[in-house]
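Presented below is the structure to which this report refers.
Protein chains in written order, with my numbering: chain A, 1 to 165; chain B, 1 to 329.
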């Protein structure tokens, strides 16, 4: 879970080669709550991440979010072809008898959903930034990415949110 | 016609001695403390919570569900505009109905869903199948967790705490949590089921406490997907623990007592000041759920009790107004 990512990120920080294939390097290997925040991603204050690569953006929920949720037992995803809007809900994750909305950080058209999550919702816990991705979107307004948080801002946001509650 | 009955206090029969605690909820979960900070006792005035109190009414599930969603939308709109809004609590009973959560499995239904004994609704809450019906008090807190704790685990534990305190302070029944099984248990009997939906930190759905519920409909399902455990009710437990002493409480009194205790403990646990509100009729109009959310529908006789016209206290006041009081004024 978070420990595996932490170990890998610590190895990176110490310049020790990792057996795993090259991954996005974490900006901060240790946050106050042991959640990982990765470089190269943008973040929403509702704890979703977005990775923009060319024409397609991949979206999921952050390590901080999955850690607070606990074991995810069910994931509700939209149909490909549907539209999402920035800040609007596109699906839900269920854990501990509580189902929570997941919101899209950007607007666009859903081009692909991660069907593996139907049978393995726990991928969101074990690999929130990689195998636990939720939807891929063709952004309709790439400038929306500018309004999102970078890794440092998001980490600070999480710390402040945790401290306040 | 505005429902005014809810403004009048209902006199309570004598209850067993109350060991009421006026404390907010401090979580003692084993979740890492960085995630569950202790709630400090606040000296600030409690936040306001508007309460729509329909605890004597059997409200069609579809209506209550639509109503909740409208309230959630309103709150989210206020939050978007950075406007404060009070929390909301709805308390009511339902006609017999089964409800499923987003990921609920139909394997926990012991009947063909196309030939169900009661309406079946697939909702957006968490959890598996459950039953709602007369004699069961249902609470739908629609609260902004940003004003409490942005922690779903804390919220679920707090809802459990409300019921645990009710059972302890009002009935001297020792109830507990069961790790991994959200809800409130007395021994191996679940007396209260809890499941919620959260949208941008605004909660809805909530808890259902069996008071005088006929538990037979639970036999047609695997309640909450938990096999090998039972469902209980306050009435059943009181009957077990205190066989007839010749001084029995009637079902209606039991509902009254439990209702009063639920409101009080909810107010304490969440540190909310309860303000009773009347229900605008527009908010209560029946809407037919879309076909894919209502799995089956039975033609139920809708027994919408109009408390205004049949509440004896209201009739008395009207009578006095037009006769005695007018005369002396």
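Beta carbons are placed, not taken as given, at the ideal position from N, Cα and C, and that holds for glycine.
The structure presented is a predicted model; accordingly, all values stated were derived computationally and were not measured.
Under the Cβ distance rule, residue 94 of chain A counts among the residues neighbouring chain B, one pair being separated by less than 7 Å. In this structure, the straight-line span from the alpha carbon of residue 88 of chain A to that of residue 103 of chain A is close to 5 Å. Residue 43 of chain A is bridged by DSSP to A/49 and A/149. The beta strand (DSSP E) runs lying completely inside the stretch 80–147 of chain A and spanning 3 residues or more are 89–95, 98–103, 108–113 and 135–139, given in chain order. Annotation: the continuous beta strand (DSSP E) that includes residue 209 of chain B extends over 202–210. Cβ-Cβ distances below 8 Å link residue 176 of chain B to 164, 184, 185 and 186 in the same chain, with the five nearest sequence neighbours on each side left out; the list follows chain order. Chain B places a beta carbon closer than 7 Å to that of residue 101 of chain A, counting this residue as a contact.
Residues of chain A whose Cβ lies closer than 9 Å to the Cβ of residue 169 of chain B do not exist, since the nearest Cβ in that chain is about 25 Å away. A contact is defined here as three or more CB-CB pairs under 8 Å, and the stretch 102–120 of chain B fails this definition with respect to the stretch 65–83 of chain B. Within the stretch 74–90 of chain A, the residues whose Cβ lies closer than 9 Å to any Cβ of chain B are, in chain order, 74, 75, 76, 87 and 89. Residue 111 of chain A has its alpha-carbon roughly 8 Å from the corresponding atom of residue 82 of chain A. Assigned with DSSP and collapsed to three states, residue 174 of chain B falls in coil, not helix or strand.
If you draw a straight line from the Cα of residue 92 of chain A to the Cα of residue 250 of chain B, it is about 43 Å long. As computed with DSSP, residue 185 of chain B is found in a beta bridge with B/176 and B/190. By the criterion of a C-beta distance shorter than 8 Å, residue 72 of chain A is surrounded in its chain by 66, 93, 94, 95, 121, 122, 124 and 125, once the five residues flanking it on both sides are discounted. Within the same chain, and ignoring the five residues on either side of residue 149 of chain A in sequence, the residues whose Cβ sits closer than 8 Å to its Cβ are 42, 43, 44, 45 and 157. Assignment of beta-bridge partners to residue 142 of chain B by DSSP yields B/88. In this structure residue 259 of chain B is in contact with residue 91 of chain B, their Cβ atoms being roughly 7 Å apart against a cut-off of 8 Å. Within 9 Å of the CB of residue 161 of chain A, the CB atoms of chain B belong to 150, in sequence order along the chain.
A direct Cα-to-Cα measurement between residue 48 of chain B and residue 170 of chain B gives close to 25 Å.
The stretch 149–168 of chain B makes no contact with the stretch 84–102 of chain B; the number of CB pairs closer than 8 Å stays below 3. A Cβ of chain A is located within less than 7 Å of the beta carbon of residue 195 of chain B. Distance from the CA of residue 137 of chain A to the CA of residue 134 of chain B, rounded to the nearest whole angstrom, comes to 46 Å. Of the residues assessed, residue 216 of chain B falls on the exposed side of the cut-off, its CB having fewer than 16 other CB atoms within 10 angstroms. The beta carbon of residue 261 of chain B sits closer than 7 Å to those of 166, 169 and 170, all from its chain and outside the five residues before and after it, given in chain order.
Approximately 12 Å separates the beta-carbon atoms of residue 126 of chain B and residue 99 of chain B; this is outside 8 Å, ruling out the contact. Excluding sequence positions up to five before and after residue 238 of chain B, its CB lies within less than 7 Å of the CB of 171, all in the same chain and listed in chain order. The residues 99, in chain order, have a CB closer than 6 Å to that of residue 123 of chain B in the same chain once the five nearest residues on each side in sequence are set aside. The three-state secondary structure of residue 118 of chain B, taken from DSSP, is coil. Under the three-state reduction of DSSP output, residue 165 of chain B falls in the helix class. Within chain A, 98, 99, 100 and 101 have C-beta atoms less than 8 Å from the C-beta of residue 198 of chain B, given in sequence order. Taking 8 Å as the upper bound for CB-CB distance, residue 144 of chain B and residue 79 of chain B are in contact here, some 7 Å apart. Just so you know, the alpha carbons of residue 131 of chain B and residue 65 of chain B end up roughly 15 Å apart.
Around the Cβ of residue 55 of chain A, a 10 Å sphere holds fewer than 16 other Cβ atoms; the residue is exposed.
The shortest CA-to-CA distance from residue 111 of chain B to any of B/147, B/231 and B/219 is the one to B/219.
Taking 7 Å as the threshold, the shortest C-beta distance from residue 103 of chain B to chain A falls below it.
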